[in-house]
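In the working numbering, the protein residues as written are 22 to 574. C-beta atoms are modelled at their ideal positions from N, C-alpha and C, and glycine is treated no differently. As structure tokens, the structure follows; a few thoughts come after it.
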Amino acid sequence: MRTSPAAPDHQSRFGGSSKVNVLLLGTGGREHAIALKLRQSPRLGALHVQPDANAGLLAIGKPVDVPVSIREIYRLIQYCEKHEIGLVVIGPEQPLAEGYADRLASPTRLVFGPTAAGARLEADKAFAKDLMRAAALPTGEARVFTDADAACAAIEAMALGDERSTPLAGVLDRVDRIPSQRRAIDAMLRIGNAIISRTTFDAADMTVLRDLLGRSKDRGAPPSEAVIRDQAVLLAKFYATALPDLPVIKASGLAAGKGVIVPATIAEALDAIDRIMRKREFGDAGRTVVVEERLSGREVSVLAITDGSTILLLPPCQDHKRLKDGDVGPNTGGMGVFCPSDAIDDDLMARIERDILVPILDVMRREGIEYRGVLYAGLMLTHAGPKVLEFNCRFGDPECQPLMARLESDLLELLIATCVGRLADADVRWSSQSACCVVMAAHGYPGRPRSGDVISGLEDASAVPGVTVYHAGTSRDESGRILTRGGRVLGVTALGETSLAARERAYAACRMISFPGAQFRTDIGQPQGSNTGAVEPPVARFTSTRSTPPSRV
């Protein structure tokens, strides 16, 4: 584990006004926003970026000429020594989880970001749930599974109280063991769906069912084929019926923001388990799943920076995870965000800090985990108060973009202060303006996004007053054209005197940008309950241009 970087030599080395060479790890929109803000610091020396970074990053930073891989981390260490890198800023969660911070920190080099042990708070949702319980945090009830059949059985058991669950109860009553129950239910569903769609079902499924249902002689005579057919249809219809209280299914590991599935039906919930655990759509992240209580309310993001003993709250943001307007469609890494969120006032912010952020840092400290960097809490504002959905160990993407747009003070000084344990002394100032970020995504996102489409209109969009176009999934071809490369392509971010003004500027810029198959939501920052966006939402009471004073943990 990395020892405290708040050593005296660090404070003396980085406490003056000398230039600092920075290595920024990460290739997306978050990193482009960080890089542009770092360039405003008079203390920035050379800015080094990954060689596979997006076109925006490569336009302002020097590409590293060694592999950026944990397997060859020694080469990156040598690069840092050769180029006198004084600060490494780690943007994404993957390198944090792999232990880059542990390996790159040295007596002459700071690293902004938690150690691998701290990054488990995001990289292992099952571990995070254990920590939440230990800290007595308000969060949804959850169960952890390493077996797909057991996870499916638990989901089905939750539905037994529904009056339409009689066919399911009949199977569970006659078949004892979970693997056998799974075979029987799957066979019954295939028969039921075939009958509903007026296709021929596999006779082998009926044979399996009659065998499994006929083994329990003490529970009466086995049902006839006609009864099985009728019950199979009822079961298939029940599994396709939307139910309000189904749990959320989460891959426990890192899945690039796509490992959380919110099913509407039992069939969708079981399909989520199949995709995550059996088909391994998210790789090793799906070895374990968390089946979690579904919470209702307004979802917000609260980010803080901490040096382990001091917490600096950042202005609250509201993200939009679903692909399409009205919060429908598949989950994504985030399709837009506005800041500050009108859902959180100063009193609620203080409650979140007291009841959520301070306790989780305390419990990590008791576990021997030194946490320095960004602590990101995804929250649901329920009728019972704020509850934790997840923790992340880095700036959110796209939350980082409006935060960097609104930050008026020196980001480099803030990151250094965090690393050397002097966050309480940091000067942090925010613009009084609101910010709105609209993500433009590639054709096929989030499933199979297309790359190589030419992007036009970037210069015109960037010329709109208050607008910054952050690159995410972009590249530059030999002729200098900017192309799409990846799912989320751009983060079009605007400042405005009001949230409505920021929103209008962001969308005006989006309309100037085009590429084949471009998709973006049209309701980012739209007032709650409005279909037109013509009404200004309530002014957030968390509006200080000076960040909330840092507090001690």
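Query                                                                                                              : Result
Beta-carbon separation (whole angstroms), Gln339 vs Ser322, contact threshold 8 Å                                  : 7 Å
Outcome for Lys271 when other beta-carbon atoms lying within 10 angstroms are tallied against a minimum of 16      : buried
Alpha-carbon to alpha-carbon, Gly49 and Pro548                                                                     : 28 Å
As assigned by DSSP and simplified to three states, the class of Glu434                                            : helix
Range of the contiguous beta strand (DSSP E) that encloses Pro88                                                   : Here Pro88 belongs to no beta strand (DSSP E), and DSSP marks it neither H nor E.
Limits of the alpha helix (DSSP H) - the one that Gly350 falls within                                              : Premise fails: Gly350 lies in the beta strand (DSSP E), Val349 to Asn352, not in any alpha helix (DSSP H).
Sufficient close CB pairs (3 or more, under 8 Å) joining the region 502–516 to the region 61–72                    : no
Pairwise C-alpha distance: Ile98 and Gly77                                                                         : 25 Å
Proximity to Val110 [Cα-Cα], best of Lys103, Glu102 and Pro135                                                     : Pro135
Sufficient close CB pairs (3 or more, under 8 Å) joining the region 328–343 to the region 354–361                  : yes
Simplified DSSP state of Ala157, which is helix, strand or coil                                                    : coil
Boundaries of the alpha helix (DSSP H) in which Phe166 is found, first to last residue                             : Not the alpha helix (DSSP H): Phe166 falls in the beta strand (DSSP E), residues Ala163 to Phe166.
Environment of Gly47 [buried if 16+ CB atoms lie within 10 Å]                                                      : buried
Beta-carbon proximity check, Ala527 vs Gly507, cutoff 9 Å                                                          : no
Buried versus exposed call for Gly304 [16 or more other C-beta atoms within 10 Å across all chains shown]          : exposed
Pro467 (DSSP reduced to helix, strand or coil)                                                                     : coil
Gly329 classed as buried or exposed, judged by whether at least 16 other C-beta atoms fall within 10 angstroms     : buried
Contact check, Ala530 vs Val490, beta carbons under 9 Å                                                            : yes
Close-in-space but distant-in-sequence residues of the same chain around Ser452 (CB under 6 Å, 5 per side omitted) : Arg427 and Glu429
Where Ala484 sits in the DSSP three-state scheme                                                                   : coil
Reduced DSSP category for Ala67 - H, G, I as helix; E, B as strand; rest coil                                      : strand
Residue from Lys58, Ser38 and Val41 with nearest C-alpha to Leu432                                                 : Lys58
Cα-Cα separation, Thr519 to Ile545                                                                                 : 14 Å
Thr543 and Cys457 closer than 9 Å at C-beta                                                                        : no
Residue ranges of each alpha helix (DSSP H) within the region 256–340, 4 or longer                                 : 287–294
Sequence-distant residues of its chain with Cβ nearer than 6 Å to Leu142 (five each side left out)                 : Ala149, Phe412 and Cys414
CB contact flag (Leu444, Ile326, <9 Å)                                                                             : yes
Start and end residues, beta strand (DSSP E) containing Arg497                                                     : Thr495 to Arg497
Buried/exposed call for Tyr95, threshold 16 Cβ in 10 Å                                                             : exposed
C-alpha distance - Ala172 paired with Ile377, whole-angstrom precision                                             : 28 Å
Inter-stretch contact at 8 Å, needing at least 3 Cβ pairs: the region 223–236 / the region 188–208                 : yes
Reduced DSSP secondary structure (H/G/I, E/B, other) of Pro244                                                     : coil
C-beta contact flag for Ile176 and Ile91 at 9 Å                                                                    : no
Cβ separation of Asp226 and Ile212, assumed to be a contact under 8 Å, to the nearest whole Å                      : 5 Å
Sub-9 Å separation of Asp137 and Asp123 beta-carbons                                                               : In the sequence as presented, Asp is not what sits at residue 137; that position holds Ala. Yes, they are a contact pair.
Beta-carbon proximity list for Leu125, same chain, < 6 Å, skipping 5 on both sides                                 : Val109 and Val132
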